[in-house]
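**Q** Have a look at this one before I ask anything.
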Amino acid sequence: MKKLYSVLILLLLATAANAQFRMWERFYTSRHPRTGITIANPLGSMTKSGGGVEHRLGNFSYMAGYYTYRGAYPGLMTDLDLRFYKRKCWKHRTKPWMYQDFYYFRSFVGIAGFNSDKLTFMGYDKGDYWYEKGYVGSAAGWGRRYSTVFNHGSDLSRKIGVFGAIKVGGRYTSFALDPIEPEARQYYRLFYTTGPGSILEVNMSVGIEY
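Per numbering that gives the first Met the number 0: the sequence shown = residues 0 to 209.
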């Protein structure tokens, strides 16, 4: 359900963005910050928190991230995110915002336990737990990064700015290196729909770049 809400919000944002499309124009002197400090979606901080550091080289970047999960599948995750930005950059005609689309590939490793107390609204009994199991996986998809700067001058490359990014993609997760015991498989059925291993990946993040 949480993923569905994220998709609906994303669709609404995309609709609003399309309505404003004529307010954007091609920008040929795009800003390429070298470093960005990212915070994972603040709206989901009740169940997930963390972030990463992105280093950019022209239209390519890599980011190392670390996240903590506190929902039905509590645990940790660390990842490496590779992004390939499109050359086109768009600038708003009247506001100091610009955006670039990108494609990404992400690999990750983590651990996830099980806590039925977080799923009582779905009919699960309280008090069912399972210890943390290790998993690995990868994801790929499309994203868009909006950014602006605090002080707008002729040399944008030397300014500190803020940004927001959205990503949509598919995710594959496996417990092959740490198989789930047969008696615990029932606990991890939702791991691939609502947990860290969700097949559909929808992420939003904010941060500072310089």
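Just so it is clear, CB atoms sit at the ideal spot from N, CA and C, and this is done for glycine as well.
With a threshold of 8 Å, are at least 3 pairs of Cβ atoms found where one atom belongs to the region 110-128 and the other to the region 160-169?
**A** In short, these stretches do not touch, since the Cβ pair count stays below three.
**Q** Mind reading off the beta-carbon distance from T147 to W96? Whole number of angstroms is fine, and I expect it under 8 Å.
**A** The pair is a contact, with the Cβ atoms about 5 Å apart (cut-off 8 Å).
**Q** At a cut of 8 Å, does the region 101-120 reach the region 73-81 through at least three beta carbon pairs?
**A** The region 101-120, when compared against the region 73-81, does touch it at the 8 Å Cβ threshold.
**Q** Can you tell me where the beta strand (DSSP E) holding S268 begins and where it ends?
**A** Residue 268 lies beyond the range of the chain shown here (0 to 209); nothing can be said about it.
**Q** I need the straight-line Cα distance from G35 to L176, nearest angstrom please.
**A** Spanning the two alpha carbons is a distance of roughly 33 Å.
**Q** Taking its Cβ as the centre, do 16 or more other Cβ atoms sit within 10 Å of L155, making it buried, or is it exposed?
**A** Because L155 sits at a pLDDT of 49, beneath the cut-off of 50, its placement in the model cannot be relied upon, and the point is left open.
**Q** Report yes if the CB atom of G74 is closer than 9 Å to the CB atom of G112, and no otherwise.
**A** Cβ distance < 9 Å, so G74 and G112 count as in contact.
**Q** Select from G194, A138, K132 the residue whose C-alpha is nearest the C-alpha of A183.
**A** For A183, the nearest C-alpha among the options comes from K132.
**Q** Closer than 8 Å is the cut-off here; do at least three beta carbon pairs connect the region 166-181 with the region 35-51?
**A** Too few Cβ pairs lie closer than 8 Å, so no.
**Q** Under a Cβ-count criterion, where at least 16 other Cβ atoms within 10 Å of its own Cβ denotes burial, should Q99 be classed as buried or exposed?
**A** Answer is buried; the Cβ neighbour count reaches 16.
**Q** Just reading off the beta strand (DSSP E) that A63 is part of, what are its end residues?
**A** Segment 59-68, the beta strand (DSSP E) holding A63.
**Q** Measuring straight from C-alpha to C-alpha, what distance separates T193 and N58?
**A** Going from the Cα of T193 to the Cα of N58 covers about 32 Å.
**Q** Counting contacts by CB-CB distance shorter than 9 Å, is G74 in contact with chain B?
**A** Given the protein chain composition of this structure (a single chain), no chain B is represented.
**Q** Looking at the unbroken beta strand (DSSP E) that takes in F101, where does it start and where does it end?
**A** Start and end: 97-114.
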